[in-house]
Amino acid sequence: MITSKSFRDSKLVSISISYDWESSENYVDIVVDRYGERSAYRIVGLLEYEIFEDFTCAHISQCTLLIAPGRVYLSLDPYTEGVKSDKDCFWFVGASIEAISVGR
20 MITSKSFRDS KLVSISISYD WESSENYVDI VVDRYGERSA YRIVGLLEYE
70 IFEDFTCAHI SQCTLLIAPG RVYLSLDPYT EGVKSDKDCF WFVGASIEAI
120 SVGR
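For the sequence shown, position 25 matches number 44 in our numbering, and the numbering has no gaps at all.
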């Protein structure tokens, strides 16, 4: 099960926003390193995202991940952890989130 703990206290390795021509959907792949172990996640059906980040620090100390049927919200730099806010930075909204293989 993917929770905010999957991202919290990890290092951001990469983010890739892409389009899948076969499914006609946008998605974002996020790779994190937590204590030397890399994990990768994909938010499919990407609807919106905003990245206000200067990328001077790759460490994710707080995270908000809210999952509801047909909707996922992930902020890697929340104003208040655990709650969606208009002041959140570095966030993504999509249809669902799944774990993927790191090399995928």
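No residue lacks a Cβ here, since even glycine has one placed at the ideal position from N, Cα and C.
Item                                                                                 : Value
Beta-carbon separation (whole angstroms), LEU65 vs PHE26, contact threshold 8 Å      : Their Cβ separation, rounded to whole angstroms, is 17 Å, which puts LEU65 and PHE26 out of contact at 8 Å.
C-alpha distance - TYR54 paired with SER29, whole-angstrom precision                 : 7 Å
Helix, strand or coil at SER23 [DSSP, three-state]                                   : helix
Terminal residues of the beta strand (DSSP E) in which SER43 lies                    : No beta strand (DSSP E) contains SER43, which DSSP labels as neither H nor E.
Where SER94 falls, given that 16 or more other Cβ within 10 Å makes a residue buried : buried
Start and end residues, beta strand (DSSP E) containing VAL63                        : 56-63
Collapsed DSSP secondary structure at ALA77 in the structure displayed               : coil
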